[in-house]
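Engineer: Start counting the sequence shown at 109; every next residue gets the next number (our numbering). Below you'll find the structure I mean.
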Amino acid sequence: MMNARRAPGAGGIGPTGRFFGPGELRLAVLALVAERAGHGYEVMNRLAERFNGTYEPSAGSIYPTLQLLEDEGLVRVEAADGRKVYHVTDAGRAAVDEQAEEVERIWGRAASRGEWGMFRDPDAAEIIGPALRLVKAAVKTLAHAHGDPRVVDQIQGIFVEARRRIEHLDPRRR
């Protein structure tokens, strides 16, 4: 059943908080194995790295996905140092190639979500509350102004100037 709040094909976007749409985790895991063979824990870590910590895959999702890919003949398993190491098969590589556009969409979304990983930094906690209160004040003011274009322009100007001033504090930009 499709969630009415999500656009079809939106994948991990939307109020449900899901990172992957139907079949996307399978394709992401297959693409990672196609990039480089690895054991399950390694594949799990590489997927988390793609999302810069904003998504933490669980063993309960990765290992069944790897098993499914093996059952479908898209990956094969070889034992190495007492671990199962997953390698892409020719059929698996062909599947990744056929769905290259979808793989790129998934990695693009991962990069976009990964940008938000900075909010997990303990130093960010000092400014998140004030920043959210600023946005709340702007939205509240806009609502009371009934969308007056002059107010919209003024609020946008305040945000642009604030961003410029904050970015100027970044030592890399001086």
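Glycine included, each C-beta is placed from N, C-alpha and C at the ideal position.
1. Give the secondary structure of L180 by DSSP, where H, G and I count as helix, E and B as strand, and everything else as coil.
2. So what does DSSP say about E186, is it helix, strand or coil?
3. Just curious, the alpha helix (DSSP H) that Y149 is in, first and last residue?
4. Mark L177 as exposed unless 16 or more other C-beta atoms lie within 10 angstroms of its C-beta, in which case mark it buried.
5. Would you kindly report the start and end of the unbroken beta strand (DSSP E) that includes R241?
6. For H195, which beta-bridge partners are listed by DSSP?
7. Which residues mark the beginning and the end of the alpha helix (DSSP H) in which R134 is found?
8. Using only the alpha-carbon positions, how far apart do A156 and G168 sit?
9. State yes or no: is the C-beta of T197 within less than 7 Å of the C-beta of R184?
10. When the distance is taken between beta carbons, is I214 closer than 7 Å to E275?
Structural biologist: Based on what the coordinates show:
1. A quick correction: the sequence has Glu, not Leu, at residue 180. Note: E180 maps to coil in three-state DSSP.
2. strand
3. G148 to R158
4. buried
5. R241 -> not in any beta strand (DSSP E); alpha helix (DSSP H) instead, spanning A233 to H252.
6. R184
7. E132 to E143
8. 14 Å
9. yes
10. no
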